[in-house]
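In this note's numbering, the protein residues as written are 228 to 419. All remarks here apply to the structure that follows.
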């Protein structure tokens, strides 16, 4: 990975491969918090389980009664089932994609964002800065832990998402039930 160097669109395919290579395809459970930048709604908590080997996931959001899930090529949402690829399935539940960050839509689709800088923060954190293709002043960032290949923080134009808990799940471990989220007392303290 090239650090502290301005990147071009030609660097994107290699960078995505390098990000994916940081991670072994495992089954992971993540919990976190997300909020809109405009402050119109209060922060909400979530739980996601992603199994890259079997290409399936579940997503629970605080305040929602429906569990979104993707399995066997079918996305199940409150709107009903629809066939879609694993790579595209996370668009309905953006925190799911933090567990497979190379699949985020940030990686240079037309008239979108492109990575332009990668920096190391302390020992093992990688800060990715993306800029919009039509307006370079519009930027978003992603912080990936190179030890697990997961994006623990995402600072988008309209939303901030932070993973507060991440753990590997055993293959024979049952899917966790829908969580009961404790009342959020404060925004998570962020340390690098």
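Virtual Cβ for every residue (Gly too), placed ideally from N, Cα, C.
CA-to-CA distance, residue j to residue i, given in whole angstroms
i, j, result
"residue 396", "residue 348", "28 Å"
"residue 399", "residue 256", "14 Å"
"residue 332", "residue 419", "25 Å"
"residue 361", "residue 326", "28 Å"
"residue 262", "residue 315", "22 Å"
"residue 244", "residue 312", "19 Å"
"residue 228", "residue 310", "35 Å"
"residue 408", "residue 292", "12 Å"
"residue 403", "residue 353", "30 Å"
Residue environment, residue i, which counts as buried when at least 16 other CB atoms sit within 10 Å
i, result
"residue 405", "exposed"
"residue 231", "exposed"
"residue 301", "exposed"
"residue 242", "buried"
"residue 305", "exposed"
"residue 290", "exposed"
"residue 266", "exposed"
"residue 334", "buried"
"residue 238", "buried"
"residue 410", "exposed"
"residue 423", "This structure gives no information on residue 423, because the portion of the chain shown stretches from 228 to 419."
"residue 384", "exposed"
"residue 269", "exposed"
"residue 254", "buried"
Sequence-distant residues of the same chain with beta carbon closer than 8 Å to residue i, five excluded per side
i, result
"residue 351", "372, 373 and 374"
"residue 417", "380 and 389"
"residue 386", "261, 262, 263, 264 and 321"
Within 7 Å, strictly: CB atoms of residue i and residue j
i, j, result
"residue 319", "residue 295", "yes"
"residue 259", "residue 389", "yes"
"residue 364", "residue 328", "no"
"residue 341", "residue 236", "yes"
"residue 264", "residue 376", "no"
"residue 279", "residue 240", "no"
Closer than 7 Å to chain B by CB, residue i
i, result
"residue 229", "The chain labelled as chain B is not found in the depicted structure, where only one protein chain is given."
Nonlocal neighbours in the same chain, by C-beta distance under 6 Å from residue i, ignoring five residues either side
i, result
"residue 394", "256"
"residue 355", "342, 345 and 369"
"residue 358", "343 and 366"
"residue 247", "329"
"residue 297", "283, 284 and 316"
"residue 303", "296"
Cβ shell of residue i (< 7 Å), same chain only, five flanking positions each side left out
i, result
"residue 323", "275, 277, 284, 286 and 317"
"residue 288", "271 and 273"
"residue 391", "258, 259, 260 and 415"
Worksheet item: What are the complete beta strand (DSSP E) segments, minimum 3 residues, inside the segment 243 to 321?
Response: Counting whole runs of 3 or more residues, the segment 243 to 321 contains the beta strand (DSSP E) stretches 254 to 263, 271 to 278, 283 to 288, 295 to 298, 301 to 304 and 307 to 310.
Practice prompt. Enumerate, from N- to C-terminal direction, the unbroken beta strand (DSSP E) stretches of 3 or more residues contained entirely within the segment 363 to 406.
Written response: Taking only runs of at least 3 residues, the beta strand (DSSP E) segments lying wholly in the segment 363 to 406 are 366 to 372, 377 to 382 and 386 to 395.
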